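Visitor: The opening residue of the sequence shown carries number 3 in this note's numbering; numbering runs sequentially from there.
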Amino acid sequence: MLPASLKSDFPILGETVNGRPLVYLDNAATSQKPRAVLDASRHYYEALNSNIHRGTHFLARAATVAHEAARETIASHIHANSPDEVIFTSGATDGVNLVSDILPLSVGDEILISTLEHHSNIVPWQMLAERSGAKMVMIPCDENGVLDQSAFANLLSDKTKVLALTWVSNAFGTVNPVREMTAAAKKHGATVLIDAAQAIPHMAIDVRELGADFLVFSGHKVYAPTGIGVLWGRLDLLKSLPPWKGGGEMIKQVTFEGTTYNDPPFKYEAGTPNIEGAIALAAALDYVNAIGLDAIHDHERKLIAAAAEALSEIPGIRLYGPPDRIGALSFAIEGVHHYDLGTLIDQMGVAVRTGHHCCQPLMARFGITGTTRASFALYNTMEDIEALTTAVKKAATMLS
Ligand code: PLP
């Protein structure tokens, strides 16, 4: 297990809620920020703040160097072939919208997604389907929230132009076999986008080994600020696909007669970017790597297994997702509304999320409107799990 002293790296975790020490188990929604990240943000505004890329003065050059160094840190974290494959976005949602807006689809094409997707990996594709006449196709899941691989194999065809798949389910913690599914989709010539929003805080990512074309994530799920994210894309695709938003930075030459576009990554980064966010994201990844992703993964697996075991003793409880889930543990107690449960345990100082978790189609598949979800981060401890299970047991008794 990781040392409990890691909590002291995160100033907010020293706060009290309703007179009790905060137990923060809403990490799939957003993670808390360590001092190293807060310091990087502050240092940027105190020592570097300037607009990047075109300035000749000292601060403009220093901010540009720091911003591009951040891109290199991120490229090396995900094992990209080049920093040019790393496009800064405002988050995972932004990245999916970027890709779904530039892919040329037409009538007869199919977009394959899974039942486990977050709305941000559903709706942009539905919008593309509406625009292009392409068809949405859904990979079903079983009662454990595990994707049906034989159904997936049958759904694949040469009509499949896109596979958009989450690596880890934010609702149930299911880990999809993304490498195998990517390889199968590539055999049919599909473009593959992996949503790594819930993978990035919990596991090592190697985009070269993955074999996909695009991968998106948000900084705020991996201890960085909100408003910064990454779209990784294969360089040949980024070069050949059309630009997305138009504006400054994404151009080489503009005349009133026409524009020539910049090379990736700048081609997809119109306007002044979130400079501080990029620098703070690199600081967050440095922080995570100093602890070690294997150690984090192992720690969180032990926490989630302990939570699942303790909660399963509660009469009438149903745990969702497979036993080898990571990140998120969803549950429901018969006769107890998830909202009431979440509200009561908040009064006991325990922060969890209740509702559909932006996965309404998945909730509909299970015939429910929502669940209570505890989600885990590197700073959580066995004491947090004890606080969670004690609070849930108490609340369940009060509510049923
Ligand atoms: N994909 C998954 C699996 C998520 O869990 C989330 C957020 O919860 C997103 C995408 C969207 O992330 P963001 O709102 O940061 O763009």
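C-beta atoms are modelled at their ideal positions from N, C-alpha and C, and glycine is treated no differently.
None of the values given here were measured: they were computed from a predicted structure.
Using a 10 Å radius around the Cβ and a threshold of 16 neighbouring Cβ atoms, would you call residue 123 buried or exposed?
Guide: With 16 or more other Cβ atoms within 10 Å, it is buried.
Visitor: Taking three-plus beta-carbon pairs below 8 Å as touching, is the segment 380 to 389 in contact with the segment 10 to 25?
Guide: Judged by Cβ distances under 8 Å, the segment 380 to 389 makes contact with the segment 10 to 25, as three or more pairs qualify.
Visitor: Provide the residue span of the alpha helix (DSSP H) that contains residue 252, from first to last.
Guide: Premise fails: residue 252 is in no alpha helix (DSSP H) and is neither H nor E.
Visitor: Spatial neighbours of residue 304 within its chain, please: CB distance less than 7 Å, with the 5 preceding and 5 following residues excluded, ordered by chain position.
Guide: Only 3 meet the Cβ criterion.
Visitor: Going by DSSP in three states, residue 75 sits in which element: helix, strand or coil?
Guide: Of the three classes helix, strand and coil, the one that applies to residue 75 here is helix, per DSSP.
Visitor: Give me whichever residues DSSP pairs with residue 112 in a beta bridge.
Guide: Beta-bridge pairing links residue 112 to 137, 162.
Visitor: How should residue 349 be labelled, buried or exposed, when 16 other C-beta atoms within 10 angstroms of its C-beta is the threshold for buried?
Guide: Exposed: under 16 other Cβ atoms inside 10 Å.
Visitor: At a cut-off of 7 Å, would you count residue 34 as near the ligand PLP, judging by its Cβ distance to the nearest heavy atom?
Guide: No, the ligand PLP has no heavy atom inside 7 Å of this Cβ.
Visitor: Please work out which residues of its chain come closer than 8 Å, Cβ to Cβ, to residue 343, disregarding the five sequence neighbours upstream and downstream, and give them in chain order.
Guide: Around residue 343: 335, 356, 374, 394, 397, 398, 401.
Visitor: May I have the straight-line CA-CA distance separating residue 457 from residue 366, to the nearest angstrom?
Guide: This structure does not reach residue 457, given that the chain is present from 3 up to 402, and the question cannot be answered.
Visitor: Can you tell me the Cβ-Cβ gap for residue 331 and residue 83, rounded? I've got them flagged as a contact below 8 Å.
Guide: With a Cβ gap of about 36 Å, residue 331 and residue 83 do not count as contacting.
Visitor: Which residue comes first and which comes last in the beta strand (DSSP E) that contains residue 260?
Guide: Counting along the chain, the beta strand (DSSP E) containing residue 260 begins and ends at 260 to 263.
Visitor: Taking the alpha-carbon of residue 360 as reference, which of 78, 121, 73, 117 has the nearest alpha-carbon?
Guide: The shortest Cα separation from residue 360 among 78, 121, 73, 117 belongs to 121.
Visitor: Measuring CB to CB, does residue 278 end up less than 8 Å from residue 43?
Guide: The answer is yes: Cβ separation under 8 Å.
Visitor: Out of 306, 142, 226, 17, which one is the CA nearest neighbour of residue 282?
Guide: Out of 306, 142, 226, 17, 226 has the C-alpha closest to the C-alpha of residue 282.
Visitor: Going by C-alpha to C-alpha distance, which of 220, 77, 164, 339 sits closest to residue 214?
Guide: If we check each option's Cα against that of residue 214, 164 comes out closest.
Visitor: Which term fits residue 119, buried or exposed, when burial requires 16 or more other beta carbons within 10 angstroms of its beta carbon?
Guide: Answer is buried; the Cβ neighbour count reaches 16.
Visitor: Residue 197 lies in the beta strand (DSSP E); which residues open and close that run?
Guide: That run of the beta strand (DSSP E) goes 193 to 197.
Visitor: Any heavy atom of the ligand PLP closer than 7 Å to the CB of residue 220?
Guide: Yes - the ligand PLP has a heavy atom lying nearer than 7 Å to the Cβ of residue 220.
Visitor: Tell me whether residue 332 sits in a helix, a strand or coil according to DSSP, three-state version.
Guide: Three-state DSSP puts residue 332 in a strand.
Visitor: Using DSSP's beta-bridge definition, name the partner residues of residue 124.
Guide: Paired residues: none, contrary to the question.
Visitor: In angstroms with no decimal places, state the Cα-to-Cα distance between residue 201 and residue 99.
Guide: Between residue 201 and residue 99, the C-alpha separation is close to 19 Å.
Visitor: Suppose you measure from the CA of residue 228 to the CA of residue 259; what does that come to, to the nearest Å?
Guide: So the alpha carbons of these two residues sit roughly 38 Å apart.
Visitor: State yes or no: is the C-beta of residue 116 within less than 8 Å of the C-beta of residue 168?
Guide: Their beta carbons are under 8 Å apart, which means residue 116 touches residue 168 by this criterion.
Visitor: Could you give the DSSP three-state label for residue 95: helix, strand or coil?
Guide: If DSSP states are grouped into helix, strand and coil, residue 95 belongs with the helices.
Visitor: Output the distance between the C-alpha atoms of residue 145 and residue 368, rounded to the nearest integer angstrom.
Guide: Each residue's alpha carbon lies about 8 Å from the other.
Visitor: Roughly how many whole angstroms lie between the Cα atoms of residue 221 and residue 14?
Guide: If I take the Cα positions, the gap works out to 18 Å.
Visitor: On the DSSP letters alone, give me the boundaries of the alpha helix (DSSP H) that residue 154 sits inside.
Guide: Note, residue 154: alpha helix (DSSP H), 151 to 157.
Visitor: Of the residues 51, 251, 300, 329, which one's Cα is nearest the Cα of residue 423?
Guide: The chain is shown only over 3 to 402; residue 423 falls outside these bounds and no answer can be derived.
Visitor: Which residues in the same chain as residue 131 place their Cβ atom closer than 7 Å to its Cβ, once the five residues preceding and following it in sequence are excluded?
Guide: Correct list, in chain order: 113, 137, 138.
Visitor: If I follow the unbroken beta strand (DSSP E) through residue 322, where does it start and stop?
Guide: From DSSP, the beta strand (DSSP E) with residue 322 extends over 319 to 322.
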